[in-house]
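Chemist: When you line the sequence shown up against the working numbering, it's residues 2 to 132, in that order. To start, I am sharing the structure in question, which I have written as structure tokens.
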Amino acid sequence: MSTQDNKQQIEKQVDKFTNALVPVAKEFTAGSVFGFCAGYFSRNAVKYAAFVTGGAFIFLQILSHKGYITMNMDKIEEDLKNAADLDGDGKLTTNDAKVGLKKLLSIIGDKVPNAAGFVAAYFLGLSGKLL
Numbered sequence: 002m003s004t005q006d007n008k009q010q011i012e013k014q015v016d017k018f019t020n021a022l023v024p025v026a027k028e029f030t031a032g033s034v035f036g037f038c039a040g041y042f043s044r045n046a047v048k049y050a051a052f053v054t055g056g057a058f059i060f061l062q063i064l065s066h067k068g069y070i071t072m073n074m075d076k077i078e079e080d081l082k083n084a085a086d087l088d089g090d091g092k093l094t095t096n097d098a099k100v101g102l103k104k105l106l107s108i109i110g111d112k113v114p115n116a117a118g119f120v121a122a123y124f125l126g127l128s129g130k131l132l
């Protein structure tokens, strides 16, 4: 690839990046920068948590299958349901996810300047559209 091609690729990526940010914020603020970084972190943290949880489950299932341990899946399901039922209605619904997300954003966005920019940039980072 020639130097000219590299410059064109860089310009194209910069344009893509800045065009994606325009709807989010007209100017960069500390809140929007921290929001994007927090969203990006959350996206990756969820991936790694799912990876570790899935691996642990497979490992425990193998041990159970071989007869080394016994897992009480009804108890596990009940405990997970109780922990994830954030609105307290006894069922896991999308409302539980909304409650959890609102709670998370109220904690990590507390005392951040330009809270609107923080939240918008958080979702941009969470989507992974820029990186």
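Cβ atoms here follow ideal geometry from the backbone N, Cα and C, with glycine treated the same way.
1. Can you give the Cα-Cα distance for G55 and I77, rounded to whole angstroms?
2. Could you check where the alpha helix (DSSP H) with I108 kicks off and where it finishes?
3. Leaving aside the five residues before and after S65 along the sequence, list all residues of the same chain whose C-beta is less than 8 Å from its C-beta, in chain order.
4. Does the pairing of the region 97-107 with the region 7-17 give three or more beta-carbon distances under 8 Å?
5. What's the call for G118, buried or exposed, on a 16-neighbour Cβ count within 10 Å?
Modeler: Concretely, from the data shown:
1. CA-CA distance, G55 to I77, rounds to 14 Å.
2. 95-109
3. T71, M72
4. no
5. buried
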